[in-house]
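Asker: Protein chains in written order, with the numbering used here: chain R, 1 to 397; chain X, 1001 to 1457. The structure under discussion is supplied below as structure tokens; questions concerning it will follow.
In structure tokens, the structure reads:
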């Protein structure tokens, strides 16, 4: 705790010269908010991760029958329970699992699943029904709900150059930044710098919106740049873009940055052909990244305030295809990692491979129940209004 | 002059300099007549590249994947051609603008360039015609049939996707039909399919010829009957007019005007051209509250800049990068509901890119922007790139050279903006201090185009 106090002080000291006065004015308040606040990290696997080769039902004959050349052999599986185990590429997760920092929810999906990447990702981002089209994301609507401690534009931060639909609300949007230094460079245009200070007196609503967004873009870019210098992590992360992003997030969290939600993606899970190498390469990046991330946060006593949710837009077909790959499927597993997990281990039973719908897994947990739980118990907001209808809370936190 | 700018930005993509000089003092009536006359002489757009690859069942998975990839690339090239066509002074701006609107309305992800181009030509053909012909043509359009799974809509196993979107998004809107209406409508469209050559085919073998009950009436309806019955409802006219109003006039609707226009639209048997003419010649269209209130879509922004600035890209794939990074890829809308538009276009990332774009183009500056990765494995993804382009400002230079700075700024902003903004003279004095006149004019241009007001039309 002493270390954190020091960090806060140095954060103030180092930012006081650089940032505009109006930002400085609310800084102490911000720090107080973030100190008591919880942090949510979303990890998105893009492309449809094959859940069955991620969490392997290594005692199930049907699994081995359906995947003659793709199944993970029982000998190789990291056996964390007597029925289900991790793909060997997830070895690094075992310690998190053993330490009770992780909950695996099986069979997560939604009614009438869509097998298109774009559409299914939309559904996960907007938390819509599968025949409903929403133009705002679930976290964007959380921002719209006047949530406490999310006044700043960077309250929800995506580690990317572009912003995902999940973080777009009707009134407020999250903030996209792949790298604080690059963003700083992009805000170097002196004319725009000047215009960013001219956000008053625009009558037309949309013009005012553009100026306000510009002003927020600049103040957050400055703030994040300064924050990124407060704490340098000494933990070793995998040398990949994903590892770098996780390190960036850990540094910002450790610097007590006024950001409640972080969003980061790992792409390339669309493994129609020669799945094994591709998927295992990604899973390894993920697991090693997570292990580093968790230990980094633990060092600064921040893990209890952090919840990490990992999802993919769908799982894959039970039966492998002719190209040693798998095609688009439906229900999938979802990981929750953090220091405050109430039901560590496997949250529910693994998939029932004897009961499929046209060769696909049948979902048992609606993903919106997971969202509702996070919104309710972690972010302290009103899930019913944000998700447009009631979803029962679960008890993983 | 302000009315002409407003008209051409809403009914088109602004004006080229020569056009602007010719038309800026025209009456609205004259300009509207000219826009409609141009639209009558429209031409079909040719395929960018004449190759047309379809996957066939006999292909291996790898061949299929390769073919699809090739086609995706051709679709992307086709989108570049379309943007250039929007900006061309040879084409009808009104027709291209209407087509862009309908493309967002009948939103469809096209898998091949032939399908994409055919659908667009179909839309062009009916864009200012009768709405019924347009809906019917879309219902028979192979790209839409594939996108909304009507290939799989068969008597023994109906697929409701097309029937649902037809009512929910394309014609009458939620709350005006029942789930049973959808089921019955789906039966009426069974067998409306397409072949491998990308043509519409009716497959009698899988069509359901039985009696259906739709909107309380019973009969052996087919798809055409269903469309007729949907258009018999006044709610359909209201739904379409409201969408057109929000796109062409103001996202904040004036219910009285909408009611009035809906009546006219219904009574004219859904004559789209007549409706648009009423809108563009009405006094309320030119009131202050309706001017400069719309945030340009990325495609409107690009087409507009191409039109007013003579931008010559060294590599036209720059227009693909901009579509993707700014969030509007033609022939690839996010879903069947189309692009949500307006404030949805703008977040910190897209705004910074939009406002930096003039500097990137004029200075060939490095753009540091990584596109969101595709779902597939091992995508190469360039992080930095330069939007190498020649911007020919010689005409604009001759227009304002020798004049005082204030006057130069006035003239340039009258030309460039749908609604000229308030401009801070000291700011531009600072920017242009100590520069040669040519440099100063270029800096003025970059400055004006970087104003948030330039994003508006």
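Just so it is clear, CB atoms sit at the ideal spot from N, CA and C, and this is done for glycine as well.
#1: Which residue wins for smallest C-alpha separation from residue 331/R, given the options 357/R, 128/R and 188/R?
#2: Quick one: is residue 119/R near chain X, going by C-beta distance under 8 Å?
#3: Between the stretch 1360-1373 of chain X and chain R, which residues of the former have a C-beta closer than 8 Å to a C-beta of the latter?
#4: Considering Cα atoms alone, identify which of 1227/X, 1002/X, 1448/X and 1356/X is closest to residue 1026/X.
#5: Please name the residue or residues paired with residue 946/X in a DSSP beta bridge.
#6: Are the CB atoms of residue 78/R and residue 94/R within a distance shorter than 8 Å?
#7: Using beta carbons (cut-off 8 Å, strictly below), is residue 204/R in contact with chain X?
#8: Closer than 8 Å by beta-carbon distance: list the chain X residues that pair up with residue 185/R, in chain order.
#9: When the Cα of residue 1293/X is compared with those of 246/R, 186/R and 203/R, which residue comes out closest?
#10: Taking only three categories from DSSP, how would you classify residue 173/R?
#11: Using C-beta distances below 8 Å, list every residue in its chain close to residue 1144/X, excluding the 5 sequence neighbours before and after it, in chain order.
#12: With 16 other CB atoms within 10 Å as the buried threshold, where does residue 1126/X fall?
#13: Residues of chain R with CB closer than 7 Å to the CB of residue 1453/X, please, in chain order.
#14: If we ignore side chains and look at the alpha-carbon of each, how far apart do residue 125/R and residue 1441/X end up?
#15: Quick check: the Cα distance between residue 1172/X and residue 128/R, rounded to an integer number of angstroms?
#16: Threshold first: 4 residues or longer. Then list the alpha helix (DSSP H) segments lying entirely within the stretch 1280-1330 of chain X, N to C.
#17: Please report the Cβ distance between residue 57/R and residue 84/R, rounded to the nearest whole angstrom; I am assuming they are in contact, meaning their Cβ atoms lie under 8 Å.
#18: Give me the chain X residues within the contact set of residue 160/R, using Cβ-Cβ distance strictly less than 7 Å, ordered along the chain.
#19: Give a yes or no on whether 8 Å exceeds the smallest Cβ distance from residue 1086/X to chain R.
#20: Which of the three DSSP states, helix, strand or coil, is assigned to residue 1456/X?
#21: Relative to the C-alpha of residue 1299/X, which candidate in 1070/X, 1081/X and 1400/X has its C-alpha closest?
#22: Tell me which residues share the same chain as residue 1435/X and place their Cβ nearer than 8 Å to its Cβ, disregarding the 5 neighbours each side in the sequence.
#23: I want to see whether chain X comes within less than 8 Å of residue 173/R, judged by CB atoms only; does it?
#24: If you follow the alpha helix (DSSP H) that residue 371/R is in, where does it begin and where does it stop?
#25: Between residue 1344/X and residue 168/R, is the Cβ-Cβ spacing less than 8 Å?
#26: Identify the contact partners of residue 216/R in chain X, using a Cβ-Cβ distance below 9 Å as the criterion.
#27: May I have the straight-line CA-CA distance separating residue 1335/X from residue 386/R, to the nearest angstrom?
#28: Decide if the stretch 1326-1333 of chain X is in contact with the stretch 1076-1096 of chain X; the criterion is three or more beta carbon pairs, one per stretch, under 8 Å apart.
#29: At 8 Å on the CB atoms, spell out the chain X contacts of residue 122/R, in chain order.
#30: Could you give the residue range of the beta strand (DSSP E) that holds residue 261/R?
#31: Does residue 1078/X come out as helix, strand or coil in the three-state DSSP assignment?
#32: What does the Cβ neighbour count give for residue 1390/X, buried or exposed, with the cut at 16 atoms within 10 Å?
#33: Name the residues in the stretch 1258-1280 of chain X whose C-beta lies less than 9 Å from a C-beta of chain R; which are they?
#34: Name the two residues that bound the continuous alpha helix (DSSP H) containing residue 1132/X.
#35: Does the count of Cβ pairs from the stretch 1179-1199 of chain X and the stretch 1232-1249 of chain X closer than 8 Å reach three?
#36: Give a yes or no on whether the C-beta atoms belonging to residue 1047/X and residue 1114/X are separated by under 8 Å.
Answerer: Looking at the atomic coordinates:
#1: 357/R
#2: Output row for residue 119/R: interface = yes.
#3: Cβ contacts with chain R: 1368, 1369, 1370, 1371, 1372 and 1373.
#4: 1002/X
#5: Here chain X comprises residues numbered 1001 to 1457, so residue 946/X is not present and cannot be evaluated.
#6: Cβ atoms of residue 94/R and residue 78/R: closer than 8 Å.
#7: yes
#8: 1368
#9: 203/R
#10: strand
#11: 1106, 1108, 1119, 1138, 1150 and 1162
#12: buried
#13: 207
#14: 45 Å
#15: Answer to the nearest angstrom: the Cα atoms are 21 Å apart.
#16: 1298-1309 and 1318-1326
#17: 6 Å
#18: 1372
#19: No, residue 1086/X does not count as interfacial toward chain R.
#20: strand
#21: 1081/X
#22: 1443
#23: At least one chain X Cβ lies under 8 Å of residue 173/R.
#24: 367-373
#25: yes
#26: The answer, in chain order, is 1348.
#27: Rounded to the nearest angstrom, the two C-alpha atoms are 22 Å apart.
#28: yes
#29: 1334 and 1335
#30: 261-267
#31: helix
#32: exposed
#33: Cβ contacts with chain R come from no residue of the stretch 1258-1280 of chain X.
#34: Following the DSSP letters along the chain, one finds residue 1132/X inside the alpha helix (DSSP H) bounded by residues 1131-1139.
#35: Too few Cβ pairs lie closer than 8 Å, so no.
#36: yes
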